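Below you'll find the structure, written out as structure tokens, and then a few comments.
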Amino acid sequence: ETGVTQSPTHLIKTRGQQVTLRCSSQSGHNTVSWYQQALGQGPQFIFQYYREEENGRGNFPPRFSGLQFPNYSSELNVNALELDDSALYLCASSLIRGRGYNEQFFGPGTRLTVL
Amino acid sequence: AQTVTQSQPEMSVQEAETVTLSCTYDTSESDYYLFWYKQPPSRQMILVIRQEAYKQQNATENRFSVNFQKAAKSFSLKISDSQLGDAAMYFCAYRSETNYGGSQGNLIFGKGTKLSVKP
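Structure (structure tokens):
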């Protein structure tokens, strides 16, 4: 069973640029959640995709957007990068089969630095 | 809105000793889950232990156990027989059982406690 993978590992961008981060779900999972973890902080929920549609969003502006593909892999896109976007971006996949507990399995993250 | 507070930015323990990490949370809900996650320098978040709010019995996973006090909204993690590999950031997290806006599994994290283990 393949775990959650993310690419790239590290990324450096300049203010105003656009970036795309990628996440490959664990086999059999239908849901991907994205989190932003600023230095010295806990992760903050950005949004979740379930069966290719956005299924909930945290307090992040519209310049943070995403996609989920038929194979349940996902992208996080950030437009007009700001210095405060520098963070570790984590994705987590899970299998939603209705109400109740579903464990989220995290990837190793992408470290984004905005200069 | 739910919040999670970890008041200990750093903790230290001697190898083989026991350490307790503290967490408090605020919610008006009655059905929820609480978690402790470990994040080693490799950055990958690993689930350590989970507690369902409706269960009175404290969860245990090998050397890890929790003290869940629902009325006090307290959820501490006890690590027994600490090992060098336990050194990491530990995050307390909350998840509602209510389906807000169709989003399931939205975790709310505290700021974390950095645990050092001395040989």
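Line by line, the protein sequences are chains G and Y. For the first sequence, position 63 (counting from the first letter as 1) is numbered 64 according to my numbering, and the numbering increases by one without interruption. For the second sequence, position 98 (counting from the first letter as 1) is numbered 849 according to my numbering, and the numbering increases by one without interruption. The beta carbon of each residue, even a glycine, is placed where N, CA and C say it ideally should be. Small disclaimer: the values here were computed from a predicted structure and weren't measured.
| Asked | Found |
| --- | --- |
| Please classify residue 1 of chain G as buried or exposed, where buried requires at least 16 other C-beta atoms within 10 Å of its C-beta. | There is no way to answer for residue 1 of chain G, as the model of chain G reaches only from 2 to 116. |
| What does residue 1 of chain G reach in chain Y if we use C-beta pairs closer than 8 angstroms? | Absent from the structure is residue 1 of chain G, since the part of chain G shown begins at 2 and ends at 116. |
| Residues in the same chain with beta-carbon distance under 8 angstroms from residue 758 of chain Y, minus the five sequence neighbours each way, listed in chain order, please. | 773 and 775 |
| Would you please state the rounded distance, in angstroms, between the beta carbons of residue 107 of chain G and residue 93 of chain G? I believe it to be under 8 angstroms. | 5 angstroms |
| Would you call residue 835 of chain Y buried or exposed, if buried means 16 or more other Cβ atoms sit within 10 Å of its Cβ? | exposed |
| With a threshold of 6 angstroms on Cβ separation, who are the neighbours of residue 8 of chain G within its own chain once the five nearest residues in sequence on each side are excluded? | 23 |
| Could you compute how far the alpha carbon of residue 109 of chain G sits from the alpha carbon of residue 790 of chain Y? | 10 angstroms |
| Looking at C-alpha atoms only, which residue of Y:794, Y:786, Y:814 and Y:767 is the closest neighbour of residue 11 of chain G? | Y:794 |
| Please work out which residues of its chain come closer than 8 angstroms, Cβ to Cβ, to residue 851 of chain Y, disregarding the five sequence neighbours upstream and downstream, and give them in chain order. | For residue 851 of chain Y, the predicted model reports a pLDDT of 49, less than 50, meaning its position is unreliable and no value from the coordinates is stated. |
| Quick check on this structure: which residue in Y:778, Y:783 and Y:762 has the alpha carbon closest to the alpha carbon of residue 828 of chain Y? | Y:762 |
| Can the beta-carbon of residue 864 of chain Y be found less than 8 angstroms from the beta-carbon of residue 845 of chain Y? | no |
| Do residue 147 of chain G and residue 49 of chain G have their C-beta atoms closer together than 8 angstroms? | Within the shown structure, residues of chain G are numbered from 2 to 116, placing residue 147 of chain G beyond reach of any answer. |
| Going by DSSP in three states, residue 143 of chain G sits in which element: helix, strand or coil? | Missing from the structure shown is residue 143 of chain G; chain G here goes from 2 to 116 and no further. |
| Which residues, in chain order, does the region 55-72 of chain G contribute to contact with chain Y at a C-beta distance below 8 angstroms? | 56, 57, 58 and 59 |
| Of the choices Y:796, Y:770, Y:753 and Y:813, whose alpha-carbon is the least far from that of residue 784 of chain Y? | Y:753 |
| What residue from G:44, G:64 and G:115 has the CA that sits closest to residue 862 of chain Y's CA? | G:44 |
| Helix or strand or just coil, what does DSSP make of residue 851 of chain Y? | At residue 851 of chain Y the pLDDT is 49, less than 50, meaning the model places this residue with poor confidence; the figure from the coordinates comes in the next sentence. Strand at residue 851 of chain Y. |
| Report yes if the CB atom of residue 91 of chain G is closer than 8 angstroms to the CB atom of residue 27 of chain G, and no otherwise. | no |
| In chain C, which residues lie with their C-beta within 9 angstroms of the C-beta of residue 776 of chain Y? | The chain labelled as chain C is not found among the protein chains of the depicted structure, namely G and Y. |
| Taking Cβ positions, are residue 30 of chain G and residue 75 of chain G nearer each other than 8 angstroms? | no |
| Is there a C-beta anywhere in chain Y that falls below 8 angstroms from the one on residue 18 of chain G? | no |
| Would residue 815 of chain Y and residue 843 of chain Y qualify as a contact pair, given that the criterion is a beta-carbon distance under 8 angstroms? | no |
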